[in-house]
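Chemist: Numbers 94 to 437, taken from this note's numbering, label the letters of the sequence shown in order. Backbone N, C-alpha and C fix where the C-beta goes; we use that ideal spot for every residue, glycine too. These numbers come from a predicted model, not from an experiment. Have a look at the structure that comes next, please.
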Amino acid sequence: MDIDYIISLCQQTVPSWSNVQKESCSLKRLVGNSNTVCVVETSLDVHPRRIIYRIFGNGETLNLQQTSTIFKRLSETGIAPKIYLELEHARLEEFIDGSRNLQREEFYQPHIIQLISQKLREFHAQDLCDIVNNEDLVHMSLARKWRDLSIINLQKYRNSEREEDIKEAIESLDEKYLDMYRNIQPIGSPEVFAHMDTSTLNFLYVEDADAIVIIDYDYSGYSYRGYDIALLLEDVVYDYNYSEWPYYLYNRDMEASDEIIAQYVKAYGEGPEMFIEVKKCMICTHYFWAVWAFSLYYENSPTMDMLKYGLSRFHDFLSRYSEFNEDLSSGALQLTIDKLFSQV
Numbered sequence: 094m095d096i097d098y099i100i101s102l103c104q105q106t107v108p109s110w111s112n113v114q115k116e117s118c119s120l121k122r123l124v125g126n127s128n129t130v131c132v133v134e135t136s137l138d139v140h141p142r143r144i145i146y147r148i149f150g151n152g153e154t155l156n157l158q159q160t161s162t163i164f165k166r167l168s169e170t171g172i173a174p175k176i177y178l179e180l181e182h183a184r185l186e187e188f189i190d191g192s193r194n195l196q197r198e199e200f201y202q203p204h205i206i207q208l209i210s211q212k213l214r215e216f217h218a219q220d221l222c223d224i225v226n227n228e229d230l231v232h233m234s235l236a237r238k239w240r241d242l243s244i245i246n247l248q249k250y251r252n253s254e255r256e257e258d259i260k261e262a263i264e265s266l267d268e269k270y271l272d273m274y275r276n277i278q279p280i281g282s283p284e285v286f287a288h289m290d291t292s293t294l295n296f297l298y299v300e301d302a303d304a305i306v307i308i309d310y311d312y313s314g315y316s317y318r319g320y321d322i323a324l325l326l327e328d329v330v331y332d333y334n335y336s337e338w339p340y341y342l343y344n345r346d347m348e349a350s351d352e353i354i355a356q357y358v359k360a361y362g363e364g365p366e367m368f369i370e371v372k373k374c375m376i377c378t379h380y381f382w383a384v385w386a387f388s389l390y391y392e393n394s395p396t397m398d399m400l401k402y403g404l405s406r407f408h409d410f411l412s413r414y415s416e417f418n419e420d421l422s423s424g425a426l427q428l429t430i431d432k433l434f435s436q437v
């Protein structure tokens, strides 16, 4: 990362940084799975003291032009951070002062649940139909795109030292699994403008304002409202700050209970119908991220092991799909709903 280049951009773009020099600055890389993100900070008494520099991710897996258009619109409405400068390959953004990432345990605290659910409801109320096709639901268009890219990508590694894992990953791309993904969707549920990447890393908590800010809109588009809760709750089990191979840590003990799911749904202002919607979307998130991971895999990567991650997600997709259908046919799902929403 070229700190001289980044500081030069800041000097040219942000008036208060016109006289900031390298000697007063530091550069820190932030955790990010899709983009390369860092924060440049000066020790001088200027505002802002920190600026985000974001290098856009893989152009094949992202629609960079649409992502840029969405970010600009959300920035104009105050949902997204300010944009200082946008280039073809990168962007300078506002650093949200006083913000911090939430600890994974905090996502299960009642007050945080309330803040996140209301912020998601606000996000879902945005009307971007004039710049985003609301008939092309993004959970399907992205999954199909990533699956097609994965088929091409994994063929390159058929004879690699991880031959068995590659073979299993290729098998997971069979049409029948895409059909399973399509069939378990909560068809008929409300379609909204959704974030679609509600990783734990993409929620910031602003202490002084007691407020949540949602960042990163690379995969945003129209989808079912339950996806943003589902994607978050299935992400809490992953720690992406793990410094050793495979560069993430999976902790099943952090799995969201039905009680937690119901708390999010109630805080959103909904009841049993949305609970079922979220449960279905939680299954789908695993296929969604599996094909994403396979499309980005390459051997000897110094970052997260996308092959291992994708297979883990695919295994969870199959097991959750089976469990949901068993609970549905046995009546266990209805009993759970009756228990959790008896006073709604």
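1) Checking the sheet assignment: what are the DSSP bridge partners for GLY314?
2) Grab the span of the beta strand (DSSP E) containing VAL306 for me, first residue to last.
3) Of the choices LEU180, LEU185, TRP385, ILE305, whose alpha-carbon is the least far from that of SER265?
4) Taking the continuous alpha helix (DSSP H) assigned at VAL358, which residues delimit it?
5) For ARG318, is the classification buried or exposed, using 16 other Cβ atoms within 10 angstroms of its Cβ as the cut-off for buried?
6) Does the pairing of the segment 197-210 with the segment 346-360 give three or more beta-carbon distances under 8 Å?
7) In chain order, what residues of the same chain have a beta carbon less than 6 Å from the beta carbon of PHE381, not counting five sequence neighbours either side?
8) Under 8 Å: do the segment 284-296 and the segment 338-351 share three or more Cβ pairs, one atom per stretch?
9) Quick one: what does DSSP say ASP332 is sitting in, helix, strand or coil?
10) Among MET375, LEU426, SER435, THR429, which residue has its Cα nearest to the Cα of PHE407?
11) Is LEU120 closer than 8 Å to VAL139 when the C-beta atoms are compared?
12) With DSSP as the reference, please indicate the residues paired to ILE145 in a beta bridge.
13) Do you know how far the Cα of VAL285 is from the Cα of GLY314?
Modeler: Per the coordinate set shown:
1) In the DSSP assignment, GLY314 is bridged to ALA287.
2) Taken as a continuous stretch (DSSP letters only), the beta strand (DSSP E) holding VAL306 covers 304-307.
3) Nearest C-alpha to SER265: TRP385.
4) Looking at the DSSP string, the run of the alpha helix (DSSP H) that includes VAL358 is 351-361.
5) By the 10 Å Cβ count, ARG318 comes out buried.
6) Taking 8 Å as the limit for Cβ pairs, the verdict is that the segment 346-360 does touch the segment 197-210.
7) So the list reads ALA236, once near-sequence residues are dropped.
8) With contact defined as three or more Cβ pairs closer than 8 Å, the segment 284-296 and the segment 338-351 are not in contact.
9) Reduced to three states, the DSSP call for ASP332 is strand.
10) Ranking MET375, LEU426, SER435, THR429 by Cα distance to PHE407 puts MET375 first.
11) In this structure, LEU120 does not lie closer than 8 Å to VAL139 by Cβ.
12) BP columns for ILE145 point to VAL132, GLU186.
13) Approximately 8 Å, taken between the alpha carbons.
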